[in-house]
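To keep things clear, I will list the structure first and then write my remarks on it.
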Amino acid sequence: MKAIQYNDYGNSDVLEQVDVPAPSVQNGNDVLVQVKAAGVNPIDIKIRMGFMKAVRPVEMPFIPGGEAAGIVVAIGDDVSAFKVGDEVIALTGTNAYAEYVTANESFVVPKPKGLSFAEAASIGVNIGTAQSVLFITGKLEKGQSVLIQGGSGAVGGAMVQMAKAAGAYVIATASGKGVALAKSFGADEVIDYKLQDVARVIKDIDLVADTAGGEAQAKLFQVLKPGGVLLSIVIPPSQELADQYKVNAGFVASNISAQTLQNGIELLKIGKFKPVVSKIFKLEEAAVAQDFLTAGGINGKVILTID
Ligand SMILES: NC(=O)c1ccc[n+]([C@@H]2O[C@H](COP(=O)([O-])OP(=O)(O)OC[C@H]3O[C@@H](n4cnc5c(N)ncnc54)[C@H](OP(=O)(O)O)[C@@H]3O)[C@@H](O)[C@H]2O)c1
């Protein structure tokens, strides 16, 4: 099968298209999926660059790709929820930049009707991460206020939509065209972070979800009410600042599974969640696609498709 892999950490030129044997069902709960589209995520680039070596070393050669959408072509003996021919989303963790990939059935969900394969491949990491931050760890409730830092990004956009659907008052930061996009997701207020200082214009927030990290994170402590919560999916927040502002802060590693996608997929079915695909590349263009994501300023998800 066709796949994109690398043998060493480095820039996007380490990615090469190869012909390797297709995987097969190894366990009773495995589903083998013919990949039609795969999501490109920032973590794919962080792993490729070697930034994750300490926490997530990979065995070379390595095929990237944490999420795919495609068609079931084989199932293990114990799989009862899926059959050959089903269109599915597979949350694979790795190996999705390829024509075929396997996943345990607890990481597979039926592709929602009406979504293209590209759209279906765009929602798993976004929804699972938003669910983990807002509801599993953040315990966001109806009537509470939430600030989403990066509200037009792939994960941030999902957070805005899911927080809004839960009845929260949603404020998002974005820039340029992303301001209108975050508004279209239902944000009650959008702050253009390139024009305004978020710490000066909002205060007394219950929950802050940081999807941008960097130096901008330090300001986010100032917008919380005492006892409020700051959760980042990018870098662990400063405990010193948390103590200074009398708030709680932490890093969230997302829990992405069929179970944690349930809420977002239900919202999608009733029209309260829409996937946003920013740009589609062919599998062969994986290096260009990753560089496109690295360049930033993207509103939505970057996708690889396989004919
Ligand atoms: N911990 C986990 O389990 C987990 C799971 C998924 C993702 N992540 C991480 O989360 C991050 C976001 O992922 P993603 O796929 O959503 O990426 P993305 O689509 O590139 O979104 C990043 C967002 O951050 C915004 N941003 C950048 N600098 C900013 C600043 N100074 N102030 C406010 N907003 C700023 C960008 O807005 P502009 O485009 O307007 O600059 C963009 O909306 C990545 O680092 C990824 O690795 C972690």
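Numbering (the numbering used here), first residue to last: 8 to 314. Think of the CB as a built atom: it goes at the ideal place given N, C-alpha and C, for glycine as much as any other residue.
query: Status (buried if at least 16 other CB within 10 Å, exposed otherwise) for Leu-202; result: exposed
query: For Gln-168, the nearest candidate out of Phe-142, Ile-305, Ala-302 (CA to CA); result: Phe-142
query: The stretch 118-132 in contact with the stretch 64-79 per 3-pair CB rule at 8 Å; result: yes
query: For Lys-53, the first and last residue of its enclosing beta strand (DSSP E); result: Looking at the DSSP string, Lys-53 is not in any beta strand (DSSP E); the run it does join, the alpha helix (DSSP H), is 49-56.
query: Uninterrupted alpha helix (DSSP H) stretches inside the stretch 246-281 (no shorter than 4 residues); result: 246-251, 265-276
query: Sheet register partners of Val-95 (DSSP bridge); result: Gly-77, Pro-117
query: For Gly-164, the nearest candidate out of Gln-251, Ala-173, Ala-175, Gly-185 (CA to CA); result: Gly-185
query: Distance cut-off 7 Å: Val-259 Cβ against heavy atoms of ligand 1; result: yes
query: Any non-hydrogen atom of ligand 1 within 7 Å of Thr-109 CB; result: no
query: Val-19: CB within 7 Å of a non-hydrogen atom of ligand 1; result: One point to set straight first is that residue 19 is Ser, not Val, in the sequence displayed. The answer is no for Ser-19.
query: Cβ-based neighbour list, Ile-50, same chain, cut-off 7 Å, excluding 5 preceding and 5 following; result: Gly-73
query: Sequence-distant residues of its chain with Cβ nearer than 8 Å to Leu-248 (five each side left out); result: Ala-225, Phe-228, Ala-256
query: Alpha helix (DSSP H) segments (min. 4 residues) lying fully within the stretch 137-198; result: 161-172, 185-191
query: Environment of Lys-60 [buried if 16+ CB atoms lie within 10 Å]; result: exposed
query: The stretch 230-243 in contact with the stretch 83-99 per 3-pair CB rule at 8 Å; result: no
query: Limits of the unbroken beta strand (DSSP E) element including Lys-286; result: 284-289
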